[in-house]
Each structure stands twice: as structure tokens, then as C-alpha cells.
Amino acid sequence: MSGSESGWTDGLSPSAKLVVKVLEYRGSLTQKEIIEQSRLSGRTVRNALEQLQRAGTVEKGICIEDARQNRYKLTPPVADRIAGGD
1 MSGSESGWTD GLSPSAKLVV KVLEYRGSLT QKEIIEQSRL SGRTVRNALE QLQRAGTVEK
61 GICIEDARQN RYKLTPPVAD RIAGGD
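For the sequence shown, full-length UniProt numbering begins at 1 and goes up steadily by one.
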């Protein structure tokens, strides 16, 4: 995390911060794709996504390719904050 991100990420677990970074660089991903990209366990990613959704950092949507899966992405305010360096 850069110094500019440290304020709004203070309450997040290290695994949640890694998930944010993966979503920042890769965009919208399924839980399976996040697991593959982050190399975290399924349970860890699931817990991180729940924490990030509660914090309003990540939003969940339906995966068009497979409606049984969800896609996760950074919420617009968070994506803007990261892009702006705030």
C-alpha cells in the first residue's frame, strides 16, 4: 500500500488489503480468480471479501459468463480514491 492509501485501509486485515490490490490491478474478478491471483486460501478470500463489502470497499455483482458465480470489484469511490492518490 502506498502512503496515500494508509488512512482508509487502517482497519483492514492484511489479506483484505491484498484483495484490494488484486482488484485494483485486475479489475472485476470472481472469487476463484481472486484466489488464483492472490494465492490466498478460499476461506481467507471469502472472509476478506465479506470484510470489504461491510466496509463499502468492494461491491458484488453477477458474473455474466456463469450466473452461479459473483464478480467483485472496487466501489467507484474507492477506485477514484486509489486513482487520485488520496
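Built from N, CA and C at the ideal position, the CB exists for glycine as well.
Opening and closing residue of the alpha helix (DSSP H) in which residue i lies
i, result
"Gly-61", "Counting along the chain, Gly-61 falls outside any alpha helix (DSSP H), though it belongs to the beta strand (DSSP E) covering 58-62."
"Arg-54", "42-54"
Straight-line gap, residue i to residue j (C-alpha atoms, nearest Å)
i, j, result
"Thr-44", "Gln-51", "11 Å"
"Leu-12", "Gln-31", "18 Å"
"Gln-37", "Gly-85", "23 Å"
"Leu-49", "Lys-17", "10 Å"
"Val-19", "Glu-65", "22 Å"
Member of the options whose CA lies at the smallest distance from the CA of residue i
i, options, result
"Ala-83", "Gly-11, Arg-39, Tyr-25", "Tyr-25"
"Arg-39", "Gly-56, Arg-54, Lys-21", "Lys-21"
"Ala-55", "Ile-34, Gly-61, Val-78", "Val-78"
Residue i in three-state terms, based on DSSP
i, result
"Leu-74", "strand"
"residue 121", "No answer is possible for residue 121: the residues shown for the chain start at 1 and end at 86."
"Ser-13", "coil"
"Arg-81", "helix"
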